[in-house]
Every structure is written in C-alpha cells, then in structure tokens.
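A.B. asks: My questions all concern the structure below.
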Amino acid sequence: MSGLNQHFGTDASPSSQDTQEITAFLEKNASKRWSANSAPLRITDSQWFKSKHREVGAAIWQHAAIKSPGNCGVCHSDAGKGDFDGDRVHIPK
Ligand code: HEC
Numbered sequence: 001m002s003g004l005n006q007h008f009g010t011d012a013s014p015s016s017q018d019t020q021e022i023t024a025f026l027e028k029n030a031s032k033r034w035s036a037n038s039a040p041l042r043i044t045d046s047q048w049f050k051s052k053h054r055e056v057g058a059a060i061w062q063h064a065a066i067k068s069p070g071n072c073g074v075c076h077s078d079a080g081k082g083d084f085d086g087d088r089v090h091i092p093k
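Start counting the sequence shown at 1; every next residue gets the next number (this note's numbering).
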C-alpha cells in the first residue's frame with residue numbers, strides 16, 4: 001500500500017481513511033501463496049499469466065499494435081467488460 005503515489009508512473013494514492021480500510025482488508029485477506037518478497041509485481045510476470053499465454057510467441061508480444069503484454073484490450077476486445085474468454089481473442093496481424 002505504500003508507494004502508491006508512484007504506481008507505474010501515476011499517483012494512485014487513495015484517501016487516508018480508504019488507505020486504512022484497504023490495508024486492514026489486505027492484511028486480513030492476503031493470499032498465503034506469495035510473500036511480499038516473492039510476489040510478481042506485474043500480473044504479466046506471474047506463472048498464471050505465462051501459462052495462459054504460452055501459445056503467444058515472442059514475436060507477437062513485440063508487434064507494433066501490442067507493444068506490451070499489459071495491453072490486454074488489444075487482443076481481448078471485451079477486456080473493458082471483464083471478458084477475457086479465450087474464444088473472443090483477436091491477435092492483430
Ligand atoms: C497478444 C495478445 C494478448 C494480450 C496482449 C493478452 N492476451 Fe490474454 N490471451 C491471449 C491468447 C491468445 C489466449 C489464449 C486463448 C485461448 O485460450 O484459446 C489468452 C488467454 C487469456 C486468459 C484465459 C482465457 C480462457 O478462456 O482460459 C485470460 C484470463 C487472459 N488471457 C487475460 C489477459 C490479461 C489480464 C491480459 C493483460 C494483462 C492479457 N490477457 C493480454 C492473447 C492475449
């Protein structure tokens with residue numbers, strides 16, 4: 001929760017009351033699978049993400065329209081609606 005004023009280049013700080021509530025929630029509900037030192041910083045660095053995307057080749061990630069695996073919406077056209085269904089993936093040609 002600390003350092004959110006420098007969150008990948010933007011200030012994502014919540015109000016101080018929100019910070020207290022969110023921190024309490026996270027401490028109570030945090031996954032036991034990762035400790036602070038071993039958790040990947042980005043979802044795209046996680047084994048889960050890599051295994052879901054093993055069929056996406058290195059050349060595709062470099063594609064001019066994609067640039068970064070974090071640009072979910074380029075391939076998952078309905079990402080904005082929370083729809084990542086594998087049947088509706090469109091990789092730019
Ligand atoms: C280069 C295009 C591309 C980008 C960018 C991309 N994905 Fe995917 N994604 C795919 C492909 C291809 C699959 C495999 C589709 C399949 O299961 O047939 C996939 C699968 C998935 C799945 C599993 C879907 C299922 O039905 O099992 C999820 C969830 C997912 N992606 C989330 C994300 C998220 C979140 C991001 C951004 C952080 C992202 N993807 C970025 C191409 C992409």
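Cβ coordinates follow ideal geometry from the N, Cα and C atoms, glycine included.
Fully enclosed by the region 57-88, which alpha helix (DSSP H) runs are 4 residues long or longer?
C.D. replies: 58-61, 72-75
A.B. asks: Quick one: measure Cβ to Cβ for G73 and A79, integer angstroms, because I've assumed they're closer than 8 Å.
C.D. replies: Rounded, the Cβ-Cβ distance is 4 Å, consistent with contact.
A.B. asks: Per DSSP, what are the beta-bridge partners of H7 in this structure?
C.D. replies: T10, per the DSSP bridge assignment.
A.B. asks: So is the beta-carbon of G80 under 8 Å away from any non-hydrogen atom of ligand 1?
C.D. replies: Not under cutoff, so the answer is no.
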